[in-house]
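Sequence lines, in order, name chains Y and L.
Quick note on numbering: the first sequence equals residues 197 to 541 in the numbering used here.
Quick note on numbering: the second sequence equals residues 924 to 1255 in the numbering used here.
All C-beta atoms in this analysis are idealised placements derived from N, C-alpha and C, irrespective of residue type, glycine included.
What follows is a single structure, written as structure tokens, with notes after it.
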Amino acid sequence: MLDDTTPLVRIRDLKMHFPIYSGMLRRQTGAVKAVDGVSFDIKRGETLGLVGESGCGKSTCGRAVLRLYDITDGSIQIDGVEIGNAGQSALRPLRPAMQMVFQDPQASLNPRMTVEAIIREPLDEHTTLSKTDKAQKVLDLMDAVGLNRRFAKRYPHTFSGGQRQRIGIARALALNPKFIVCDEPIAALDVSIQAQVVNLLEDLQEQFGLTYLFISHDLSMVRHIAQRIAVMYLGKVVELAPRDPLYDAPLHPYTRALLSAVPEPDPAISQTRKRVVLQGDVPSPANPPDGCNFCTRCPAVMDVCRRIDPTFQEVEPGRFVACHLYENHASKTEKAEAHANQQGS
Amino acid sequence: MPNGAPAVLDVQGLKTVFRVRGGEVHAVNDVSFDLAAGELLGVVGESGSGKSVTMMSLLGLLPSPPADVRQGRVTFEGQDLLQVSDSKLRAVRGGRIGFVFQDPMTSLNPVFTVGYQIIETLRAHMGLSKSAARDRAQELLELVGIPSARDRLNDYPHQFSGGMRQRVMIAIALACDPKVLIADEPTTALDVTIQAQIIELMKDLRDKLGMAVIWITHDLGVIAGIADRVMVMYGGQVVEQAPVRDLFRNPKHPYTQALLTTIPKLSAERVRRLTIIEGQPPILGEAPTACSFRDRCPKAVAICAQQNPPRFDFGAGHDAACFVAAETRDAG
Chain Y
197 MLDDTTPLVR IRDLKMHFPI YSGMLRRQTG AVKAVDGVSF DIKRGETLGL VGESGCGKST
257 CGRAVLRLYD ITDGSIQIDG VEIGNAGQSA LRPLRPAMQM VFQDPQASLN PRMTVEAIIR
317 EPLDEHTTLS KTDKAQKVLD LMDAVGLNRR FAKRYPHTFS GGQRQRIGIA RALALNPKFI
377 VCDEPIAALD VSIQAQVVNL LEDLQEQFGL TYLFISHDLS MVRHIAQRIA VMYLGKVVEL
437 APRDPLYDAP LHPYTRALLS AVPEPDPAIS QTRKRVVLQG DVPSPANPPD GCNFCTRCPA
497 VMDVCRRIDP TFQEVEPGRF VACHLYENHA SKTEKAEAHA NQQGS
Chain L
924 MPNGAPAVLD VQGLKTVFRV RGGEVHAVND VSFDLAAGEL LGVVGESGSG KSVTMMSLLG
984 LLPSPPADVR QGRVTFEGQD LLQVSDSKLR AVRGGRIGFV FQDPMTSLNP VFTVGYQIIE
1044 TLRAHMGLSK SAARDRAQEL LELVGIPSAR DRLNDYPHQF SGGMRQRVMI AIALACDPKV
1104 LIADEPTTAL DVTIQAQIIE LMKDLRDKLG MAVIWITHDL GVIAGIADRV MVMYGGQVVE
1164 QAPVRDLFRN PKHPYTQALL TTIPKLSAER VRRLTIIEGQ PPILGEAPTA CSFRDRCPKA
1224 VAICAQQNPP RFDFGAGHDA ACFVAAETRD AG
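Put into structure tokens, the structure is as follows:
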């Protein structure tokens, strides 16, 4: 039995490359490196935010963690069990513990199934409950996510976006999971509905002791819901830190630019402040630049950045960053301290 | 209106209804606003609030049926756009009034080069010769910040990234020196760092070219950064209108107040729990006979269910359609 201090999810050097085939013989000529060496832990009961722009690989990462893909390389441990190279038959009994809430509640619910059938489907697949027990469980789940029981026989199209997302959440909860990957769960919802769903996710986390990987591009919402945040750029995590240090004093130049690009709903701030506006676009993950992936847009770029890919390392307890600006950071402080000590003696 | 500048566009009592199976949808109900020269008006609202339909109605861009622009007057350059002939309206659209749509991928034609699509606009509206139009197209791409503009004229839309495509769309909208540019969620499909680029570009262009801009969005953050004046729409009606700082500092309508508190801010202390707006947006089956926000409103009183509130004036260009706010004003 593992104790409570071991992380529930442990990812090491996860890689997910999609092959590109071309030419008459359809030979593999390259690969889209959607996720290229990502490592992080998620503690029990924690919400880890995974942020980044479209195409940075955050959704692919979330799906790879649940082994919805056959990953290219790396290790995925969930509750101490290695699933990185597990086959489908080995994965199946583990599936109930790890679930997913999808971005688009319209596309992720079968339009030909009633709400009841949608929420019951995981129970049919993975449990041996009796018919009446299942029916009871479905109603309990509908209560838990705030859906009116009377609507059990309705079809998804009769619900609004926010309510549909509640159906998706109820389905994810059906098998008492420990870990849920929430892939942009509020991106498709209206502003006035987003807070309803976020509050629901927080309530459920408390009630059922859930652990979340919360994938989003909305930095203000991630600040609200996550305890620690990983920032991805072009297939790599560039910075990983607890919430407050990350938002108060971001280290990586990309995190800084990303935070300064967030439009603040306050004209006094946003019409006067100076933003870091990044030039250019994100390079293609099929053909990332040499050295650091961010070197083509980085405002603090140095020569070394174009040659050597910076390592992802801990620069302060719990704070990780992959940037040459902080390389040898630890040793530098040590040196400075040693120097001071020598002078003092 | 800022500086007392004369209105370039004046919309009065616009009403648009969609005929659907089994009834009607009253998408736009008695919407009135004006736009001063050089002003940037932000229009905020959730999906279904009528913000896009309003703008499409006044340019005759809605297919009819099912759409029916029932009432209203849209004064632009001395003529009522709802009364003029189709050919006259066509000359206005894309000429004196430019339009930028949300999704730059679907609004550019994938089988023609970007250059062809800009030149097409120029030749149709300005009657330029081919070579003059080509020069002007290059100038436009340079204006919106596309590098090596001359070569890129020969590229197809798929060869541009999302942000670059939106720049092309803006270039097309600017082709004929419009007096008014209507931008419908121009940055919604873009990433935040690209959105920041487009916002800076639009601010620059507005200052350089002196056109008036209507910027439609659901993102209050974007509005705060760019608008001079803001109009908040809910359920097909304008519920509040004010200069930007006034609106954010001193919102009058409970809907605006709720919107401003429900989104977490990066600059504010993190709250333990988000404030939510209960319920769902209204279904617009019939013309409103009562306040459309009353079911979700924490301040609703008896009269809110009996009459549709008119827009009460709060001075300094600030108005709001709320009985409770008006009463507080009169009492105070």
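Item: Taking C-beta pairs closer than 9 Å, name the residues in chain L that residue 356(Y) reaches, listed in chain order.; Value: 1203 and 1204
Item: So, does the CB of residue 459(Y) fall closer than 9 Å to a CB anywhere in chain L?; Value: yes
Item: So if DSSP puts residue 1166(L) in a beta bridge, which residue, or which two residues, is it bridged to?; Value: 1152(L)
Item: State yes or no: is the beta carbon of residue 1074(L) nearer than 9 Å to at least one beta carbon in chain Y?; Value: no
Item: Mind checking the stretch 413 to 435 of chain Y against chain L and listing, in chain order, the residues whose C-beta falls within less than 8 Å of any C-beta there?; Value: 413, 415, 416, 417, 419 and 420
Item: For residue 1052(L), does the three-state DSSP call read helix, strand or coil?; Value: coil
Item: Any Cβ of chain L within less than 9 Å of the Cβ of residue 388(Y)?; Value: yes
Item: My understanding is that residue 205(Y) touches residue 410(Y), with C-beta atoms under 8 Å, so please give their C-beta distance in whole angstroms.; Value: Contact doesn't hold; Cβ gap of about 13 Å is too wide.
Item: By how many angstroms is the C-alpha of residue 952(L) removed from the C-alpha of residue 1231(L)?; Value: 11 Å
Item: Going by beta carbon distance, what residues of the same chain come within less than 6 Å of residue 530(Y), once the five residues before and after it are set aside?; Value: Because the pLDDT at residue 530(Y) is just 47, under 50, the model does not fix this residue reliably, and the value given afterwards should be weighed accordingly. No residues qualify anywhere along the chain.
Item: Mind the definition here: the stretch 1082 to 1091 of chain L touches the stretch 439 to 459 of chain Y only if three or more C-beta pairs lie below 8 Å; say whether that holds.; Value: no
Item: Could you tell me the boundaries of the beta strand (DSSP E) in which residue 521(Y) lies?; Value: Unbroken run through residue 521(Y): none, as it is neither H nor E.
Item: For the ligand GTP, I want to know if residue 285(Y) counts as a neighbour, meaning its beta carbon is within less than 8 Å of at least one of the ligand's heavy atoms.; Value: Among the components modelled here there is no ligand, and therefore nothing to report on the ligand GTP.
Item: Is residue 506(Y) helix, strand or coil by DSSP?; Value: coil
Item: Hey, is residue 483(Y)'s beta-carbon within less than 9 Å of any beta-carbon in chain L?; Value: no
Item: For residue 501(Y), which of helix, strand or coil comes out of DSSP?; Value: helix
Item: Could you tell me which of 1208(L), 1140(L), 1237(L) and 1103(L) sits nearest to residue 933(L), measuring between CA atoms?; Value: 1103(L)
Item: Rounded to whole angstroms, what is the Cα-Cα separation between residue 269(Y) and residue 339(Y)?; Value: 41 Å
Item: Excluding the five sequence neighbours on either side, which residues of its own chain have a C-beta within less than 8 Å of the C-beta of residue 475(Y), listed in chain order?; Value: 493
Item: Quick one: list the residues of chain L neighbouring residue 299(Y), beta-carbon separation under 8 Å, in chain order.; Value: Residues of chain L passing the Cβ test: none, with the nearest at roughly 14 Å.
Item: Check each candidate in 387(Y), 395(Y), 220(Y) and 286(Y) and name the one with the smallest Cα separation from residue 420(Y).; Value: 395(Y)
Item: Pairs of beta-carbons, one from the stretch 1165 to 1182 of chain L and one from the stretch 975 to 991 of chain L, closer than 8 Å: are there three or more?; Value: no
Item: Comparing the C-beta of residue 1046(L) with each C-beta of chain Y, is any distance below 9 Å?; Value: no
Item: Quick check on this structure: which residue in 1144(L), 1152(L) and 1213(L) has the alpha carbon closest to the alpha carbon of residue 1182(L)?; Value: 1144(L)
Item: How would you write the range of the alpha helix (DSSP H) that residue 321(Y) sits in, first residue to last?; Value: 311 to 322
Item: On the three-state DSSP scale, how would you describe residue 1299(L)?; Value: Here chain L has residues from 924 to 1255 only, and residue 1299(L) is not among them.
Item: Between the stretch 501 to 511 of chain Y and the stretch 454 to 465 of chain Y, can you find at least three pairs of beta-carbon atoms closer than 8 Å?; Value: no
Item: Quick one: what does DSSP say residue 1241(L) is sitting in, helix, strand or coil?; Value: coil
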